[in-house]
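What follows is a short report on a single structure.
Printed below as a string of structure tokens:
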């Protein structure tokens with residue numbers, strides 16, 4: 028494994044430093060020190076080749092995306108990112124691949140103040156395990172469980188672009204560059220998540236599709252949601268596709284958006300308006316259970332059932 | 028992936044709770060609170076099927092070992108374990124396999140006060156990514172870098188059993204149960220690591236073999252080590268094998284021992300003796316670089332060169 032140790036060193040040299048790092052890569056473990064009066068927000072995800080990404084995905088994009096999807100979890104909690112541990116399993120010691128991966132990873136890490144403090148590399152089928160730690164004021168994290176009947180439902184950005192791009196790739200169609208970028212270089216909504224602390228009653232990032240992820244909020248909060256399909260924000264590309272095919276799934280059930288879906292009590296709507304968070308109201312929390320999507324005349328879209336399993 | 032979500036729930040239900048856990052499995056991330064005046068010690072490792080373990084390894088043993096090898100990293104730092112995040116990649120949703128894995132994991136986790144607070148499961152080639160966080164008093168962690176000329180070198184337990192067991196399995200020989208247990212259910216030396224805080228000048232766990240891992244201490248400390256081969260503690264089985272084959276490699280360069288190798292300044296030897304840590308003196312730190320292994324007449328064992336790459 029000597030060649031992998033070289034790669035690990037090559038990679039660690041690319042890692043930006045950060046606050047609270049007492050000992051980084053090179054010992055049995057990293058030593059970190061959190062500021063006083065902060066809770067730790069921790070997430071670990073593995074991306075597997077052929078399942079979460081195409082084996083021939085551009086490694087620079089993959090380095091970006093591996094970090095982005097984990098940062099998106101911190102954004103959904105309203106946490107400020109701090110430290111990362113990365114475990115790379117690679118079929119061979121390919122320095123060119125790794126160097127490109129590190130460029131994509133590092134660019135995003137620097138932008139959000141994430142320090143890579145440890146991890147390992149080993150040989151095997153390509154997969155990427157990434158653990159992130161973020162910081163949040165005690166008791167202030169955004170949870171999935173805080174939504175209450177009467178709360179308004181919002182999303183950041185636009186939905187469906189990544190799903191449309193993925194569908195194009197799967198059918199070997201030419202995919203527009205801007206659309207592809209939404210799939211391959213998602214931007215985690217960290218600033219938005221931080222700004223929503225104290226305003227939103229519940230929050231989740233949209234990785235499995237709006238209906239499924241809003242469903243998680245409903246489940247954990249013990250309530251129902253009604254979404255106005257027409258209000259769900261979309262790009263011109265997704266709108267054109269919707270007009271052409273009449274298929275709501277990329278917009279409502281597509282994965283990989285990494286936008287935030289959150290709920291806001293009525294008394295906090297003014298605070299949301301002055302927070303600077305760009306978002307769109309799409310519906311309302313009600314008593315009951317499950318997610319109902321309705322058209323402009325209030326009729327439930329029949330094809331919404333089973334969307335949980337589309338992704 | 029609905030079946031995998033079921034498995035995740037099944038697994039999280041088996042996870043023991045622990046101190047400082049404000050929010051465990053079930054949201055976008057876990058929320059943890061460290062006690063005041065503690066540094067965090069963090070490690071992430073991936074075990075890949077066919078590389079770090081045999082694909083048909085008993086899942087209960089594998090659950091134990093995945094946690095044990097990571098706990099061993101915390102032991103080497105003198106840290107007290109706190110929280111774990113587990114990411115399991117499985118070729119199929121095999122509840123019997125996972126249930127047995129969870130039994131092995133949980134038994135060890137309960138014994139050492141580790142709370143499983145998050146992670147994920149997904150489908151793919153079998154691998155296990157595990158992230159652990161431990162706690163240590165500020166500035167008191169045991170590092171690889173503190174050894175100085177004149178320090179004595181010690182190891183806990185006996186070395187070589189796991190390597191001998193692995194060699195037997197690789198050659199399809201019948202392997203004695205006690206030997207196999209050393210390979211498949213290693214016991215992380217957490218109590219020993221904690222007891223060595225303030226006594227040892229440097230410490231590492233032996234995962235790649237004594238010569239390689241002591242070499243890491245030398246490299247990070249900027250010094251050399253001389254080891255008396257005859258003094259390296261071994262079981263009757265390893266001694267018998269050594270007498271029979273004259274091959275020092277299982278003892279000196281075998282991996283998977285998960286004993287601690289540490290250095291102690293002369294003025295701390297009395298404190299070590301009264302610490303209750305069961306260990307054996309095997310050599311001394313000198314000025315220079317590299318690890319030299321000598322026989323009883325002081326001659327360097329010639330075959331030691333290249334042992335770094337045996338594992």
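Protein chains in written order, with the working numbering: chain A, 28 to 338; chain B, 28 to 338.
All C-beta atoms in this analysis are idealised placements derived from N, C-alpha and C, irrespective of residue type, glycine included.
Do residue 299 of chain A and residue 217 of chain A have their C-beta atoms closer together than 8 Å?
-> Here the question's residue 299 of chain A lines up with position 272 in the first chain. Here the question's residue 217 of chain A lines up with position 190 in the first chain. Contact flag unset, no.
Give me the Cα-Cα distance between residue 312 of chain B and residue 322 of chain B, rounded to the nearest whole angstrom.
-> Position 285 of the second chain, counted from the first residue, corresponds to residue 312 of chain B. Position 295 of the second chain, counted from the first residue, corresponds to residue 322 of chain B. Rounded to whole angstroms, residue 312 of chain B to residue 322 of chain B spans 17 Å at the Cα level.
By how many angstroms is the C-alpha of residue 264 of chain A removed from the C-alpha of residue 168 of chain A?
-> Your numbering for residue 168 of chain A matches position 141 in the first chain. Your numbering for residue 264 of chain A matches position 237 in the first chain. Each residue's Cα considered, the two are about 34 Å apart.
In terms of residue numbering, what span does the beta strand (DSSP E) encompassing residue 147 of chain B cover?
-> Within the second chain, residue 147 of chain B is the residue found at index 120, counting from 1. Note, residue 147 of chain B: beta strand (DSSP E), 142-150.
Taking C-beta to C-beta, are residue 248 of chain A and residue 292 of chain A nearer than 8 Å?
-> Counting from 1 along the first chain, the entry for residue 248 of chain A is found at position 221. Counting from 1 along the first chain, the entry for residue 292 of chain A is found at position 265. Against a cut-off of 8 Å, the Cβ pair of residue 292 of chain A and residue 248 of chain A comes out as no contact.
Can you say whether residue 92 of chain B is buried or exposed, counting buried as having 16 or more other CB atoms within 10 angstroms of its CB?
-> What you label residue 92 of chain B is simply residue 65 of the second chain in a count that begins at 1. The residue in question, residue 92 of chain B, is buried, as its Cβ has 16 or more Cβ neighbours within 10 Å.
What first and last residue would you give for the beta strand (DSSP E) that runs through residue 306 of chain A?
-> Indexing the first chain from 1 puts residue 306 of chain A at position 279. First-last of the beta strand (DSSP E) with residue 306 of chain A: 306-313.
For the alpha helix (DSSP H) containing residue 294 of chain A, list its first residue and its last residue.
-> Position 267 of the first chain, counting from 1, holds the residue named residue 294 of chain A. Here residue 294 of chain A belongs to no alpha helix (DSSP H), and DSSP marks it neither H nor E.
State the DSSP-derived secondary structure class of residue 245 of chain B, mapped to helix, strand or coil.
-> Numbered from its first residue, the second chain carries residue 245 of chain B at position 218. The answer is helix: DSSP assigns residue 245 of chain B an H, G or I state.
Per DSSP, which one or two residues make a beta bridge with residue 107 of chain A?
-> Residue mapping note: residue 107 of chain A aligns to position 80 of the first chain, counting from 1. Bridge partners of residue 107 of chain A: A/162.
Taking C-beta to C-beta, are residue 175 of chain A and residue 308 of chain A nearer than 8 Å?
-> As a working note, residue 175 of chain A is residue 148 in the first chain. As a working note, residue 308 of chain A is residue 281 in the first chain. No; because the gap between Cβ atoms is not below 8 Å, this pair is not in contact.
Among A/162, A/222, A/195 and A/243, which one has its Cα closest to the Cα of residue 66 of chain A?
-> Counting from one through the first chain, the residue named residue 66 of chain A turns up at place 39. Per the Cα distances, A/162.
Any chain B beta carbon closer than 8 Å to residue 136 of chain A = By one-based count along the first chain, residue 136 of chain A stands at place 109. Not closer than 8 Å to any Cβ of chain B, the Cβ of residue 136 of chain A fails to qualify, so no.
Three or more C-beta pairs closer than 8 Å, one from the region 105-122 of chain A and one from the region 189-209 of chain A: is that the case here?
-> no
Do residue 320 of chain B and residue 254 of chain B have their C-beta atoms within less than 8 Å of each other?
-> Translated into the one-based positions of the second chain, residue 320 of chain B becomes position 293. Translated into the one-based positions of the second chain, residue 254 of chain B becomes position 227. Yes.
Closer than 8 Å to chain A by CB, residue 231 of chain B = Residue 231 of chain B sits at position 204 when you count from the first residue of the second chain. Chain A contact via Cβ: present.
With burial defined as no fewer than 16 other Cβ atoms inside 10 Å of the residue's Cβ, what is the status of residue 79 of chain A: buried or exposed?
-> Counting from one through the first chain, the residue named residue 79 of chain A turns up at place 52. Counting Cβ neighbours within 10 Å, residue 79 of chain A comes out buried, since at least 16 surround it.
Quick one: residues in its chain with C-beta nearer than 7 Å to the C-beta of residue 103 of chain A, no 5 flanking neighbours on either side, listed in chain order?
-> Taking the first chain and counting its residues from 1, one reaches residue 103 of chain A at position 76. Excluding sequence neighbours, residue 103 of chain A sits near 169, 220, 230, 231, 232 and 287.
Residue 128 of chain A: first and last residue of the uninterrupted beta strand (DSSP E) it sits in = Translated into positions along the first chain, residue 128 of chain A becomes position 101. From DSSP, residue 128 of chain A is part of no beta strand (DSSP E) but of the alpha helix (DSSP H) over 122-139.
Any C-beta of chain B sitting closer than 8 Å to the C-beta of residue 119 of chain A?
-> Working through the first chain from its first residue, we reach residue 119 of chain A at position 92. Not one chain B Cβ lies under 8 Å of residue 119 of chain A.
Determine the chain B residues that contact residue 60 of chain A at a beta-carbon separation under 8 Å, and present them in chain order.
-> Counting from 1 along the first chain, the entry for residue 60 of chain A is found at position 33. What residue 60 of chain A touches in chain B: 66, 67 and 165.
Can you give me the start and stop residues for the beta strand (DSSP E) that residue 252 of chain A sits inside?
-> As a working mapping, residue 252 of chain A is identified with position 225 in the first chain. Residue 252 of chain A -> beta strand (DSSP E) spans 251-255.
Are at least three pairs of beta-carbons, each pair with one atom in the region 68-76 of chain A and one in the region 123-138 of chain A, less than 8 Å apart?
-> no
Cutoff 8 Å: residue 114 of chain B Cβ touching any chain A Cβ = Locating residue 114 of chain B in the second chain gives position 87, where the first residue counts as 1. So yes, residue 114 of chain B belongs to the interface.
Per DSSP, cross-strand counterpart(s) of residue 58 of chain A = Residue mapping note: residue 58 of chain A aligns to position 31 of the first chain, counting from 1. In the DSSP output, where bridge partners are listed per residue, residue 58 of chain A has A/50 and B/68.
Opening and closing residue of the beta strand (DSSP E) in which residue 259 of chain B lies = Taking the second chain and counting its residues from 1, the one referred to as residue 259 of chain B is at position 232. Taken as a continuous stretch (DSSP letters only), residue 259 of chain B belongs to no beta strand (DSSP E), as it is neither H nor E.
Establish whether the CB of residue 249 of chain B and some CB of chain A are separated by less than 8 Å.
-> The sequence position of residue 249 of chain B within the second chain is 222, counting from 1. Answer no: the Cβ-Cβ gap between residue 249 of chain B and chain A never drops below 8 Å.
Mind pulling the chain A residues with CB within less than 7 Å of residue 149 of chain B?
-> On the second chain, position 122 is the one that residue 149 of chain B refers to. Ordered by position in chain A, the residues that pass the 7 Å Cβ test against residue 149 of chain B are 73, 75 and 78.
Thinking residue 45 of chain B and residue 141 of chain B are a contact (beta carbons under 8 Å), I'd like their distance in whole angstroms, please.
-> Along the second chain, read from residue 1 onward, the residue named residue 45 of chain B stands at position 18. Along the second chain, read from residue 1 onward, the residue named residue 141 of chain B stands at position 114. About 7 Å separates the two Cβ atoms, so the contact holds.
Would you say residue 168 of chain A reaches chain B, if we count a Cβ-Cβ gap shorter than 8 Å as a contact?
-> Walking along the first chain from the start, residue 168 of chain A turns up at place 141. It does; some Cβ of chain B falls within 8 Å.
In whole angstroms, what is the alpha-carbon distance linking residue 274 of chain A and residue 268 of chain A?
-> Sequence index remark: in the first chain, residue 274 of chain A carries index 247 (1-based). Sequence index remark: in the first chain, residue 268 of chain A carries index 241 (1-based). Approximately 8 Å, taken between the alpha carbons.
How would you call residue 86 of chain A, buried or exposed, if buried means at least 16 neighbouring beta carbons within 10 angstroms?
-> The sequence position of residue 86 of chain A within the first chain is 59, counting from 1. Result: buried.
Relative to the alpha-carbon of residue 276 of chain A, which residue among A/237, A/285 and A/244 has its alpha-carbon at the smallest distance?
-> If you number the first chain from 1, residue 276 of chain A lands on position 249. Comparing Cα positions, the closest option is A/237.
Between residue 252 of chain A and residue 318 of chain A, is the Cβ-Cβ spacing less than 8 Å?
-> Position 225 of the first chain, counting from 1, holds the residue named residue 252 of chain A. Position 291 of the first chain, counting from 1, holds the residue named residue 318 of chain A. Their beta carbons are under 8 Å apart, which means residue 252 of chain A touches residue 318 of chain A by this criterion.
CA-to-CA distance, residue 280 of chain B to residue 47 of chain B, given in whole angstroms = As a first step, residue 47 of chain B is located in the second chain; it is residue number 20 there, counting from the start. As a first step, residue 280 of chain B is located in the second chain; it is residue number 253 there, counting from the start. Cα-Cα distance, rounded: 39 Å.
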